[in-house]
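Here is the structure we will look at.
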Amino acid sequence: MTELKIENSKAVARSTNLAGLTRTEIETALGCAFSLDAKPARMRVSQIWRWIYDAGATDFAEMTNISKDMRSALSEKFVVARPEITERLVSTDGTRKYLLQLAPGVEVECVFIPGVGRAGALCVSSQVGCTLNCTFCHTGTQNLVRNLTAQEIVNQVMLVKDDLNEWGHGPEDRQLSNIVFMGMGEPLYNLENVAAAIDVISDNEGISLSRRRITVSTSGVVPQMEALGEQTSAMLAISLHAVNDDLRDELVPINRKYPIDQLLEACRRYPGASNARRITFEYVMLKGVNDTDIEARELVRLLKGIPAKINLIPFNPWPGAPYECSSWERIEAFAEIVNRAGYASPIRTPRGRDIFAACGQLKSDSKKRRASELRKQSAGTPVGAP
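The sequence shown runs 45 to 430 under our numbering.
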C-alpha cells in the first residue's frame, strides 16, 4: 500500500492511504488496524467505499454514517489522499494535462479531453516511462522507471474527478464518461495492476464507469491479450500504424517479437469482440511513410473478418521527432478508401497540442519547461489542425 507524507500546520505523519485501494485491500487494512471480524470489516468497508468512490471524500470527518469515535480512530491510522499535482496545464481547446508526483523523482502524466465519448475521456498512464521505443512516440524516448500500482492508476481518475468537481453526479451529468489506457506505458506489461484498477473504476457502488467505456490500448503484447479480455472485459485498442512487418518493425519494435499475423490472430480470438464491441485499430498518419492509397487498401485486407473500427491519428509533433504529419488531403483520401470498404474510420482531431498533451506527446520530466515556453514553440500551429 502506498505511504503518503501528509502535512498540516501541527505535524507531519505517515499514514496508509485508502484512496485507490481495492475492496480486499481496504478490508485487510481495517482488519489489521482494528482486529475486526470478517462481517464487521466488510460492513465498514462498504461504508468507506461509498464515501471514497461515490462521494469523493478526502476526510474521514465527512463520513457521517460512521460513529465519531470510529472516524477519529480511522484518521489516526489512515488518510484519503491524492497524488501531488506538480503541473496542471489547460489547452486553448479545453484539454487538461496533469503532471503528478507519485514519489520523489517519480512522475507521470494523465490527460482529460472534453467532448470525447458521451462527455469526455481521461487518458491514464500505466507505467512511468516505457520500454517499447516506438519511434513516433515521445514517451518512447523516456526510459522505463517502474510499473504503476493499481492505486496509482485509480488515483489519476480520482484526482481528475476532483478537478472537474463532479463527485456525486449521475451518469447523465458526468464530464468524465470514458477511460482510455493510452497514456504513458504499455498496459499489458502491467496487466495485474491495470485489471485491479479497472475493477475499482467500474464498481457500481463507486465511480461506476461501464467496462464498455474503458479501453485498453496495446502495441501488441500478444500473450497477454486474451487474459486482458477475460480479466477485465475492457474494450481493446491496437496501436497498429503499419500494414507490413518491415515498416512496423521500425515504427513499433515489439513487432519483431510479435509480428502482424500473430497480432491479428490474437485480435480474432479476443474475448467478447463483436460488431457491438469492435476492436479499435490506431493508425498514426506519417507523411511519406505509411499514408499511401496502397497501404489503405492493404489495411482493409488485413482486417477482413475482424469487427473493427480504425482511428486515423494525425501525427502530433514533439521536439526532435523524426516524422511529419501527412497532409489533410492525404489523410482524407486514406480515410475514404477505408470507409468505402465498410469500416468506420474517424480522423482524430488533435487535442491539446499547445500543451504537449496530444496523442504520442506525453513524457514526464522533473525539469518541465514553463507552459509559456510550450505555447511559444507551438505558436503558428492552429489547435485542431493536422
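For each residue, glycine too, the CB sits at the ideal point set by N, CA and C. Being a predicted model, the structure only gives us computed values, none of them experimental.
DSSP-derived helix/strand/coil call for residue i
| i | result |
| --- | --- |
| Gln-171 | strand |
| Asn-191 | strand |
| Asn-383 | helix |
| Leu-406 | Note that Leu-406 scores a pLDDT of 42, beneath 50, so its modelled location is shaky; the value from the coordinates is reported in the next line. If DSSP states are grouped into helix, strand and coil, Leu-406 belongs with coil. |
| Thr-60 | strand |
| Lys-353 | strand |
| Val-150 | strand |
| Asn-222 | strand |
| Phe-180 | coil |
| Thr-72 | helix |
| Thr-324 | strand |
| Glu-270 | helix |
| Ile-92 | helix |
| Ile-44 | As displayed, the chain neither begins before 45 nor continues past 430, which places residue 44 out of reach and without an answer. |
| Gln-421 | With a pLDDT of only 41 at Gln-421, under the threshold of 50, the placement of this residue in the model should not be trusted; the figure read from the coordinates follows. In the structure shown, Gln-421 sits in a helix (DSSP, three-state: H, G or I). |
Nonlocal neighbours in the same chain, by C-beta distance under 7 angstroms from residue i, ignoring five residues either side
| i | result |
| --- | --- |
| Val-198 | Gly-64, Ala-241, Val-244, Ile-245 |
| Ser-318 | Pro-351 |
| Gln-268 | Leu-232, Leu-235 |
| Pro-363 | none |
| Ala-385 | Val-344 |
| Val-266 | Tyr-302, Gln-306, Leu-307, Ala-310 |
DSSP beta-bridge partners of residue i
| i | result |
| --- | --- |
| Ser-261 | Ala-281 |
| Phe-156 | Arg-140, Leu-166 |
| Arg-132 | Tyr-142 |
| Val-287 | Bridge partners of Val-287: none, in fact. |
| Met-329 | Pro-358 |
| Phe-378 | Per DSSP, none; premise fails for Phe-378. |
| Val-123 | Asn-61 |
| Arg-311 | First, the residue type needs correcting, since residue 311 is Cys and not Arg in the sequence shown. Its beta-bridge partners do not exist; DSSP assigns none. |
| Ile-338 | Note: Ile-338 sits in no beta bridge, so no partner. |
| Ile-391 | Leu-356 |
Nearest neighbour of residue i, chosen from the options [CA to CA]
| i | options | result |
| --- | --- | --- |
| Val-168 | Thr-60, Pro-231, Asn-61 | Pro-231 |
| Ile-282 | Arg-190, Asp-289, Ala-352, Ser-254 | Ala-352 |
| His-213 | Pro-363, Arg-190, Ser-370, Leu-253 | Leu-253 |
| Trp-93 | Pro-267, Leu-166, Asp-113, Glu-69 | Glu-69 |
| Ser-277 | Gln-200, Ala-239, Phe-156, Thr-66 | Ala-239 |
| Val-224 | Leu-280, Ala-105, Val-265, Thr-175 | Leu-280 |
| Glu-274 | Tyr-387, Pro-303, Ser-170, Tyr-314 | Tyr-314 |
| Asn-109 | Thr-193, Val-89, Ala-385 | Val-89 |
| Asp-98 | Arg-374, Arg-218, Cys-154, Thr-193 | Arg-218 |
| Pro-148 | Gly-316, Pro-127, Lys-141, Phe-180 | Pro-127 |
| Val-382 | Ala-105, Leu-346, Glu-294 | Leu-346 |
| Thr-336 | Phe-378, Asn-187, Tyr-387, Gly-316 | Phe-378 |
| Met-329 | Gly-227, Phe-180, Met-87, Ala-77 | Phe-180 |
Chain-order list of residues whose beta-carbon lies under 8 angstroms from that of residue i (same chain, five-residue window excluded)
| i | result |
| --- | --- |
| Tyr-327 | Leu-284, His-285, Asn-334, Leu-343, Ile-354, Asn-355, Leu-356, Ile-357 |
| Ala-312 | Correcting the residue type first, residue 312 is Arg in the shown sequence and not Ala. Cβ neighbours of Arg-312 beyond the five flanking positions: Gly-349, Ile-350. |
| Leu-62 | Ile-70, Ala-73, Ile-92, Ile-96, Phe-122, Val-123, Val-124 |
| Glu-376 | Ile-391 |
| Leu-176 | Gly-184, Glu-230, Ser-263, Val-296, Pro-297, Ile-298 |
| Asp-247 | Arg-67, Trp-93, Tyr-97 |
| Ala-105 | Arg-115, Ser-119 |
Any non-hydrogen atom of the ligand COA closer than 6 angstroms to residue i Cβ
| i | result |
| --- | --- |
| Met-87 | Looking for the ligand COA in the displayed structure turns up nothing, as the structure carries no ligands at all. |
CB-CB length for residue i against residue j, believed under 8 angstroms
| i | j | result |
| --- | --- | --- |
| Ala-101 | Val-124 | 6 angstroms |
| Ser-221 | Gly-164 | 6 angstroms |
| Val-296 | Cys-174 | The pair is not a contact, with the Cβ atoms about 12 angstroms apart (cut-off 8 angstroms). |
| Gln-200 | Cys-154 | 4 angstroms |
| Arg-255 | Asp-207 | The Cβ separation is near 24 angstroms, so there is no contact. |
| Glu-339 | Val-287 | 5 angstroms |
| Asp-289 | Ile-304 | 6 angstroms |
Residues near residue i by beta carbon distance below 6 angstroms, same chain, minus five either side
| i | result |
| --- | --- |
| Glu-368 | Lys-331 |
| Arg-190 | Val-172 |
| Asp-293 | Asn-299, Arg-300 |
Beta carbon proximity, residue i to chain B, threshold 7 angstroms
| i | result |
| --- | --- |
| Ala-194 | Protein chains in the displayed structure number just one, and chain B is not present. |
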